[in-house]
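Undergrad: Here the sequence shown is numbered in my numbering, starting from 159 and rising by one per residue.
Shown below is the structure under consideration.
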Amino acid sequence: MCFLCQEAAGAAQGKGRVNFPFPYTPYSIQEDFMAKLYDVLEAGKVGIFESPTGTGKSLSLICGALSWLRDFEEKKKQEEARLLADEHNGQDKQQQPTSCCAEASNCQGSVGELDWITEFMQKKEERAMVDRLKEEQIRRKKREARLEKIRHNVQLKYASKRKRLEDDETQRLLQLSTEILSTELGSDVLEQLDQEEEELILAEYESDEEKKVGSWLDEDDDDLEEEHVTKIYYCSRTHSQLAQFVHEVQKSPFGEEIRLVSLGSRQNLCVNEEVRHLGAVQLINDRCMEMQKNKHGKKSEGEESEGKKRRVSRAVCPFYSYEQMQFLRDEVLVKVKDIEQLVALGKEIKACPYYGSRYAIPAAQLVVLPYQMLLHESTRCASGIKLKDQVVIIDEAHNLIDTITCIYSAEVRGSQLCCAHSQLLQYMERYRKRLKAKNLMYIKQILYLLERFVSILGGNVNQNPNAQSISQAGTELKSINDFLFQSQIDNINLFKLFGFVERYGATSVVKTNKEKQKMAGLQNFLLALHQGPDKEAAIQCPPVEAEDGQPKMASPLMQIEGFLSALTNANQDGRVILNRQGTVGQSSLKFLLLNPAVHFAKVLKECRAAIIAGGTMQPVSDFREQLLSCAIGADRVVEFSCGHVIPPDNILPIILCSGPSNQQLEFTYQKRDLPQMMDEMGRILGNLCNVVPGGVVCFFPSYEYEKQVYTHWERTGLLTRLATKKKIFQEPKRANQVEQVLSEYAKCIKRCSQVGGHVTGALLFSVVGGKMSEGINFSDDLGRCVVMVGMPYPNIKSPELQEKMAYLDKTMPRSAGQPPSKMLIENLCMKAVNQSIGRAIRHQKDFASILLVDHRYARPSVFNKLPQWIKERTEIKPAFGPAFAALRKSYHRSIQPRPDMQLAKEEKALRAALAVVLDQIFHELPSSYSRIYRVSMSSSI
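In structure tokens, the structure reads:
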């Protein structure tokens, strides 16, 4: 951290409580949340924050973090002014110590000489810092003046809009004239005329007015792009969560003044319909890069030599205009916009939101982006994100460890390996004589790697992968070094090879209009493999069908790139899984990351402070041990967990140890298939449906077990009896059917509450870790009771999980006498439970019950991993009778208004009726009496 930042950070200590602007009177827990957040950011620490859904977590994050940023910038300006004033007024004083030190050096010899040198270097650093401050101050004033001009200069916007309309009209007329000429003269004659007369065509003309519109965009452009102000990076899991966060910012007291930019993928931000309709992410990325290459790249020798023979079609993106993207950048910085508004703006001004938003990053104060863009180092660098001395907030972070693990893991199928080898081999044969020796060497190394990868799977790279059967199917795990030795590629420098791939794969880097645009590297390299310089030379893959209904990647070499990158990890941080199944095409190589901390440590090392927040962060020990322990000291980690805003009576969590027939409830893998266990669960649900109004959501450990129980209940007739009280719904396996099921579930509950009758609501069978266990809002009548059947432990026979357990046992100390592997299994289970039961209770006036159906939840090691606000209200019921009585009493109290509430409601209604009667009487009296009586009666009422 720079000297100036340290001064600004330390200035606030000891000044009392911070004033947090808030759109309404905050809850006390929100005030505590913001105060703690402010302290963590001020001290430059890492905070783990837990705030249940419905407690205003997003708004607390916004107001707390932006209050700190506001104060930090103000202190920084004050410190800048002080240093500049000292520099201006203290020139004479700077010379005096120098002369004194010189005299001292003559008297004291070498010691004095060293002191003089030290002081000289300090003064030199101070002068350099003052010069830097002056430059930053100039840039800041220019940026503020620029944005203020845009904010108020309506004429400028109209001029820009008029220019766009004129360009569209010109393009339309050119297209129309081309079609007319093509119809009258023929396409061949038209192409000949184009080639012969191309040199006679006038260059594009810009009027003085149009030049003025563009001139203010280019003015001092380098200064604006190079400066990265202190900012907050906020990331979350999905684009819908990010959009919701931006809407909260817009409603907050900071909504008018904050400079915010939303980042996203091409799939979300592309406004070119020709590219958008491709659908698949990789196809969109490849097409975008191809259009950029056509815009900036030079014609190849083949194109130039064949220029007179035929016309070469080089499609460019009409939205990739530097001038318009700069205009979009400024519009984004002037007013807060979410992804949808950003896309609408891009369409309106004909500018690319994907690249335009990246130009806004340096000057933005709040950058909103998805997990992957911040956590993946290559994507972070390619997007122009700089974390040095910035603040990082990761929201919805309960699955942060899994997210990092997935981002840095990689898998390639045998079909992709064979296809990549075929493409690359044909490319090398075609351009062998034109490739440089070193590049040819690297291409040959990649070909050799692909050949060895297919060989280790038991196949031949020169044959159709779908026609090659695997003799010995199975799964095998190897360390990185063992895999390299067995593949016979241990003599290849993977770092250099990946450096070659990375050099040609640099994508999405923000470039200025003053830089020379370079080839897009590997992206265009891969496109060359598909298309070649002309259609006749297009390189074809072996016929490979898309698997599992997923779209085939535009280029299999993209997956190879990820796998090569994964192999450069340290030997102890990952494992390679050889999965041999059926044919070579179906088999795969997968890299499994075991130590996500090494990649997260790079984020923590760069940023000033980090906040890891979520609604249910328990158990927190995973974050400390698996993410933070190797990166920072324990004293730098701060934990904060707040309660809920609902009254204590509005939630009733119960751990149920036995059922109605006194059968002990233990849904272990060995016992859960027993008919008596499934029958007991059915009886519990039958009793619940008799007393619980609205919706009941029942979570099962897996889809297979849910199907097994459903079939058993259907056979025994229990399902029919349940249907007399609740209409039954099942969670679909396909994601595109979830919305329809949820809609029908909600409509059924609403209809039952309005009409009445025997059916009192709906019963939804869901699955832990499925589509409905995260991100779904079962508020109010949609989730009056959440039932958790058993404990959803992960499959410990999974090779990936076994390797992770073995790794933790080797690298982590025992905790509370238990090995880390056992703690991992319990933590994975309880994280899934906490997410599922958190679907209910979504606001202050909501009420619901939570039923944990398994006696193992009462164990202290498990019980302590429940969220604090649920744990402190949980009742352990050894028998079903007392549990059922507590549930019935809870719902009776929640549904029926209390006597004092009913009395107050009746009194209010009586007052209203009396006021109407009196008003009619006063209306008939003379105005003077009416006024007197109104005053006296209103005071008595």
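Note that beta-carbon positions come from the ideal geometry of N, C-alpha and C, so glycine has one too.
In this text the structure is predicted, and so the values were computed from the model without any measurement.
Please report the distance separating the alpha-carbon of D197 from that of I390.
TA: When rounded, the distance between both Cα atoms is 15 angstroms.
Undergrad: Just the C-alpha distance for R417 and R766, rounded to the nearest angstrom, thanks.
TA: Each residue's Cα considered, the two are about 20 angstroms apart.
Undergrad: Where L846 and N992 are concerned, what is the direct C-alpha to C-alpha distance, given to the nearest angstrom?
TA: For L846 and N992, the distance between alpha carbons rounds to 21 angstroms.
Undergrad: When the Cβ atoms of the stretch 606-621 are set against those of the stretch 635-649, are three or more pairs found closer than 8 angstroms?
TA: Cβ pair count under 8 angstroms is three or more, so yes.
Undergrad: In the DSSP assignment, the beta strand (DSSP E) including N737 goes from what residue to what residue?
TA: Note, N737: beta strand (DSSP E), G732 to Q739.
Undergrad: Is it buried or exposed for T563, if we count other Cβ within 10 angstroms and need 16 for buried?
TA: When all chains shown are included, T563 counts as buried.
Undergrad: Which partner residues of V855 appear in the DSSP bridge assignment?
TA: Per DSSP, L922 and V944.
Undergrad: Please work out which residues of its chain come closer than 8 angstroms, Cβ to Cβ, to E902, disregarding the five sequence neighbours upstream and downstream, and give them in chain order.
TA: F887.
Undergrad: Applying the 10 Å Cβ sphere with the 16-neighbour rule, what's the burial state of K885?
TA: It is buried - the Cβ of K885 has at least 16 other Cβ atoms within 10 Å.
Undergrad: Ordered along the chain, which non-local residues of its own chain (more than five positions away) have a Cβ less than 7 angstroms from that of V1075?
TA: Bear in mind that a pLDDT of 46 at V1075, under 50, signals an unreliable position, so the number given afterwards is only what the model happens to contain. Closer than 7 angstroms at the Cβ level, and outside the excluded window around V1075, lies no residue.
Undergrad: Quick check on DSSP: helix, strand or coil for Q646?
TA: Three-state DSSP puts Q646 in coil, outside helix and strand.
Undergrad: Would you mind giving the Cβ-Cβ distance between K989 and H556, rounded to the nearest angstrom? I have them listed as a contact below 8 angstroms.
TA: The pair is a contact, with the Cβ atoms about 6 angstroms apart (cut-off 8 angstroms).
Undergrad: Could you check whether the Cβ of R892 sits closer than 8 angstroms to any Cβ belonging to chain C?
TA: In the displayed structure, chain C is absent; only one protein chain is listed.
Undergrad: Can you look up Q888 in the DSSP assignment and give me helix, strand or coil?
TA: If DSSP states are grouped into helix, strand and coil, Q888 belongs with the strands.
Undergrad: Check F758 in the structure and name its three-state DSSP category.
TA: Three-state result, F758: helix.
Undergrad: Name the DSSP beta bridge partners of R571, please?
TA: Partner(s): S746.
Undergrad: Mind pulling the alpha helix (DSSP H) runs of 4 or more residues that sit fully within the stretch 526-610?
TA: As far as the stretch 526-610 is concerned, its whole alpha helix (DSSP H) runs of at least 4 residues are 529-533, 535-540, 558-566 and 572-589.
Undergrad: Within 10 Å of its beta-carbon, does L533 have 16 or more other beta-carbons around it, so buried, or fewer, so exposed?
TA: Answer is buried; the Cβ neighbour count reaches 16.
Undergrad: Under 8 angstroms, do F191 and C800 count as touching if we go by C-beta distance?
TA: Yes, these two residues count as a Cβ contact at 8 angstroms.
Undergrad: Can you name the residues that DSSP bridges to I206?
TA: In DSSP, I206 forms a bridge with I770 and E797.
Undergrad: Can you tell which of R972, R942, R733 and G791 has the C-alpha that lies nearest to the C-alpha of L921?
TA: The candidate whose alpha carbon is nearest that of L921 is R942.
Undergrad: Hey, is the stretch 1023-1040 in contact with the stretch 813-828, meaning 3+ C-beta pairs nearer than 8 angstroms?
TA: As far as the Cβ criterion goes, the stretch 1023-1040 touches the stretch 813-828, which means the pair count is three or higher.
Undergrad: Does the stretch 198-217 touch the stretch 755-772, meaning 3 or more C-beta pairs lie closer than 8 angstroms?
TA: Contact between the stretch 755-772 and the stretch 198-217 is present, because at least three Cβ pairs lie under 8 angstroms.
Undergrad: Where DSSP assigns a beta bridge to I813, which residues make up the other side?
TA: Answer by DSSP bridge pairing, in chain order: L1010 and I1034.
Undergrad: So what does V492 bridge to, in DSSP terms?
TA: V492 pairs with nothing; no bridge assigned.
Undergrad: Under 8 angstroms between the Cβ atoms of V944 and I995?
TA: Taking 8 angstroms as the Cβ cut-off, V944 and I995 qualify as a contacting pair.
Undergrad: Hey, F485 and S216: beta-carbon distance below 8 angstroms or not?
TA: Contact flag unset, no.
Undergrad: In three-state terms, what does DSSP make of Y868?
TA: Helix.
Undergrad: Excluding the five sequence neighbours on either side, which residues of its own chain have a C-beta within less than 6 angstroms of the C-beta of S973, listed in chain order?
TA: Result list for S973: M981, in chain order.
Undergrad: Closest to S924 by C-alpha separation, out of V867, Y965, E872 and Q960, would be which residue?
TA: That would be V867, whose Cα lies nearest to the Cα of S924.
Undergrad: Skipping 5 residues on each side, what residues in its chain have a beta carbon closer than 7 angstroms to that of L199?
TA: Cβ neighbours of L199 beyond the five flanking positions: A223, W226, V549 and A767.
Undergrad: DSSP three-state call for V419: helix, strand or coil?
TA: Of the three classes helix, strand and coil, the one that applies to V419 here is strand, per DSSP.
Undergrad: Could you name the residues that DSSP lists as bridge partners for T969?
TA: Answer by DSSP bridge pairing: none, since T969 is not bridged.
Undergrad: Alpha carbon to alpha carbon, how far is Y1049 from Q482? Give it in angstroms, no decimals.
TA: Using only the alpha carbons, I get a separation of about 59 angstroms.
Undergrad: Applying the criterion that 16 or more other CB atoms from any shown protein chain within 10 Å of the CB defines a buried residue, is G576 buried or exposed?
TA: For the sequence presented, residue 576 should be read as Cys rather than Gly. When all chains shown are included, C576 counts as buried.
Undergrad: I'd like to know whether the C-beta atoms of F1042 and V947 end up nearer to each other than 8 angstroms.
TA: Cβ distance not < 8 angstroms, so F1042 and V947 don't count as in contact.
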